[in-house]
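Residue numbers (this note's numbering), protein chains in the order written: chain A, 28 to 331; chain B, 76 to 406.
A quick write-up on the structure given underneath.
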């Protein structure tokens, strides 16, 4: 089933890189991304303040280049802030003149709303109902990324009730649709712990694990993925087949989360699906989609 | 410093009050609070009885309405705020900005405390909640080190409450979906973590296995003490190593830094454990009351008494305690 003329085309976004990659790898990666059919690119470090392989200046350079190549660029901020230096880092991003910011902590929401600047809320800004969403819309939210643990049904209810109660709320909805789900943040670094290193002397050991470290149960079931202070899902979340359902609900953007290999192919696959439909899409039984179907996140409801 | 104590039922509330609580926090009997466990919490009659009991003794009551409502059940959170305001509790402990928006607009005189589930770890996050919802106090997630709390207290627009004792969340509260990933239920959505309904214990030969929604969380040899299968405290495999991948099962105990917490300007100390027994609550509150009184009486002479440590160690998870993020031995 192809998309008809009057149906709005689903937009595709590429989330921020969640892992610690080398500087040159990052530049090469975004060179490929620039040539891909993705519409929106989120740039910046959202996990660990110690990872500074790129300065804000470098990220802005990349942002201008991607913008020239026709991408909409958003700068993403850190999720868990502990030190004042981290707050300054976020403030510098929020005060940039040229790009929209994805707020991943209420501090960034505060800075942006105080400046009267429209913003995007990331998946760890807890919006679980229409009243929360609309409170933030009044403060300048122009797009929200749904918290990953919410289901299709809850999203539908939020959007329906939001439209009913606040018909004039203009905002876009983005859903994390492909990749390893960010599930938790801690003060501790679990990658350093896995290597028996203290956090202050971590030697940037997470750089050795470009897609994180898999955690298995004692009977070899993959449970989680360690990524520094972040814990991710053990299975890759994949909602590609849900593209038509999302479009009919009013989702504007599907987010793909970068992996070290194959990301551009995934973008291509999503792009083909938005043009030609999902009838021929194959989904790996190794992936998960439980959250979307109001089940445990690790489940795959296509293979039950 | 105010001693804020947990109550999962009326006997615990009495134990807290008798042993020296300044304030008691509790929740309604539904998913509007982050300890939504069967057999726990307060219906309207019990709450009114508790309120009368506490008021007669000059003790404050805080009601935790600190989970995140989804649209289909929004009315439950709204009703919880209405009931709390109606019976005149001293404060509600809230996390969801929709709930805060409702509360501050409908009941401008109702005191709002930001729950630890609100996940505010820095001054601008606190500014956000203060400016938009006029919160009076914030409970700080258990991720900050002592010097960080110190700097936060210097600049905070609101009073700070910190966790002093009890079970230890190692993830930033309000930003952890591990439980829903494995079981479908999480603290944010349902007020539970690693819910009992998903737990299975099974003996295979001499080995005891604990599971959550069929995922193996740990295996215990006969000489090991088995613990409740909380996800973040399980033994998993990374590469070839089987170990407590995220955290050892320990409890938080900040008795040794009581003077520092006071000097920093922390206004309230929270004891975790609404799910614990009245005996536990009584024991822990008694020790903390004695410690705070001893410190207040002569701050220079304060030192941790062995009897306090022994009493607290006896009730601690895994019989081990830690200063957690406050001291950061793993840093």
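We put the CB at the ideal spot given by N, CA and C, even for glycine.
Cut-off 8 Å between Cβ atoms - residues of its own chain near residue i, not counting five sequence neighbours on either side
i	result
residue 108 of chain A	76, 114, 117, 132, 134
residue 60 of chain A	41, 68, 93, 98, 290, 291, 294
residue 205 of chain A	263, 264, 265, 266, 267, 281, 282, 283, 284, 293, 297
residue 125 of chain B	82, 85, 88, 99, 101, 117, 136
residue 54 of chain A	89
residue 123 of chain B	162
residue 129 of chain B	88, 92, 99, 135, 136
residue 274 of chain B	285, 286, 287, 303, 304
residue 79 of chain A	72
CB contact below 8 Å: residue i versus chain B
i	result
residue 28 of chain A	With a pLDDT of 46 at residue 28 of chain A, under the threshold of 50, the modelled position of that residue is not reliable, and the figure given next carries that caveat. No, no contact with chain B.
residue 33 of chain A	Confidence in residue 33 of chain A is poor, its pLDDT being 49 and thus under 50, which makes the residue's placement too unreliable to answer from.
residue 134 of chain A	yes
residue 146 of chain A	no
residue 155 of chain A	yes
residue 185 of chain A	yes
residue 43 of chain A	no
residue 137 of chain A	yes
residue 74 of chain A	no
residue 172 of chain A	no
residue 240 of chain A	yes
residue 194 of chain A	no
residue 289 of chain A	no
residue 235 of chain A	no
residue 107 of chain A	yes
residue 130 of chain A	no
residue 217 of chain A	yes
residue 246 of chain A	yes
residue 324 of chain A	yes
CB contact check: residue i to chain A, cutoff 8 Å
i	result
residue 188 of chain B	no
residue 406 of chain B	yes
residue 276 of chain B	no
residue 242 of chain B	no
residue 400 of chain B	yes
residue 231 of chain B	no
residue 312 of chain B	yes
residue 42 of chain B	No answer is possible for residue 42 of chain B: it lies beyond the span of chain B, which begins at 76 and ends at 406.
residue 100 of chain B	no
residue 259 of chain B	yes
residue 29 of chain B	Any property of residue 29 of chain B remains undetermined from this structure, which presents chain B solely from 76 to 406.
residue 144 of chain B	yes
residue 268 of chain B	no
residue 173 of chain B	yes
residue 85 of chain B	no
Beta-carbon proximity list for residue i, same chain, < 6 Å, skipping 5 on both sides
i	result
residue 353 of chain B	86, 87, 90
residue 267 of chain B	111, 260
residue 179 of chain A	319
residue 172 of chain A	149, 150, 201
residue 250 of chain B	194
residue 361 of chain B	94
Supposed close pair residue i, residue j - CB separation, criterion 8 Å
i	j	result
residue 246 of chain B	residue 212 of chain A	6 Å
residue 191 of chain B	residue 164 of chain B	Not a contact, Cβ separation roughly 18 Å.
residue 156 of chain A	residue 146 of chain B	5 Å
residue 195 of chain B	residue 201 of chain B	5 Å
residue 442 of chain B	residue 285 of chain B	Here chain B has residues from 76 to 406 only, and residue 442 of chain B is not among them.
residue 236 of chain B	residue 271 of chain B	The pair is not a contact, with the Cβ atoms about 28 Å apart (cut-off 8 Å).
residue 105 of chain A	residue 126 of chain A	Incorrect: roughly 16 Å between the Cβ atoms, too far for contact.
residue 139 of chain A	residue 167 of chain A	6 Å
Sequence-distant residues of the same chain with beta carbon closer than 7 Å to residue i, five excluded per side
i	result
residue 390 of chain B	355, 358, 359
residue 276 of chain B	283, 285
residue 218 of chain B	196, 247, 400
Q) Between the stretch 243 to 261 of chain B and the stretch 356 to 373 of chain B, are three or more C-beta pairs nearer than 8 Å? A) no
Q. Can at least three beta-carbon pairs, one atom from the stretch 309 to 325 of chain B and one from the stretch 146 to 160 of chain B, be found at a separation below 8 Å?
A. Contact between the stretch 309 to 325 of chain B and the stretch 146 to 160 of chain B is absent, with fewer than three C-beta pairs closer than 8 Å.
(Q) Could you check whether the stretch 35 to 50 of chain A touches the stretch 232 to 245 of chain A, counting it as contact only if at least three pairs of C-beta atoms, one from each stretch, sit closer than 8 Å? (A) Verdict: yes, contact present.
**Q.** Cβ pair count under 8 Å reaching 3, the stretch 303 to 322 of chain A against the stretch 216 to 234 of chain A
**A.** no
(Q) Taking contact to mean 3 or more Cβ pairs, one atom from each stretch, closer than 8 Å, check whether the stretch 71 to 88 of chain A and the stretch 157 to 173 of chain A are in contact. (A) no
**Q.** Meets three-Cβ-pair contact criterion under 8 Å: the stretch 327 to 336 of chain B and the stretch 319 to 327 of chain A
**A.** No: fewer than three Cβ pairs fall under 8 Å.
Q.
If we require 4 or more residues per run, which alpha helix (DSSP H) segments fall completely within the stretch 154 to 239 of chain B?
A. 172 to 181, 198 to 208, 221 to 230
Q. If you scan the stretch 247 to 293 of chain B from start to end, which runs of the alpha helix (DSSP H) of 4 or more residues do you find wholly inside it?
A. Segments of the alpha helix (DSSP H) lying fully in the stretch 247 to 293 of chain B: 253 to 258, 262 to 265.
Q: Pair every Cβ in the stretch 342 to 352 of chain B with every Cβ in the stretch 286 to 303 of chain B, then say whether three or more of these pairs are closer than 8 Å.
A: no
Q: Would you mind listing the alpha helix (DSSP H) stretches within the stretch 154 to 205 of chain A that are 4+ residues and don't spill past its ends, in chain order?
A: At a cut-off of 4 residues, the continuous stretches assigned as alpha helix (DSSP H) that sit fully inside the stretch 154 to 205 of chain A are 157 to 165, 179 to 192.
Q. Within the chosen definition, does the stretch 244 to 252 of chain A reach the stretch 232 to 249 of chain B through at least 3 CB pairs nearer than 8 Å?
A. no
Q.
As an exercise, report each continuous beta strand (DSSP E) stretch of at least 3 residues that is fully enclosed by the stretch 308 to 396 of chain B, in chain order.
A. Taking only runs of at least 3 residues, the beta strand (DSSP E) segments lying wholly in the stretch 308 to 396 of chain B are 310 to 313, 316 to 319, 326 to 328, 343 to 346.
Q | Secondary structure, alpha helix (DSSP H): runs of 4+ residues fully inside the stretch 78 to 111 of chain B | A | 85 to 93
Q: Identify every run of the alpha helix (DSSP H) within the stretch 34 to 92 of chain A, keeping only runs that are complete inside it and at least 4 residues long; order them along the chain.
A: 50 to 62
(Q) As an exercise, report each continuous beta strand (DSSP E) stretch of at least 3 residues that is fully enclosed by the stretch 211 to 260 of chain A, in chain order. (A) 240 to 243, 249 to 254
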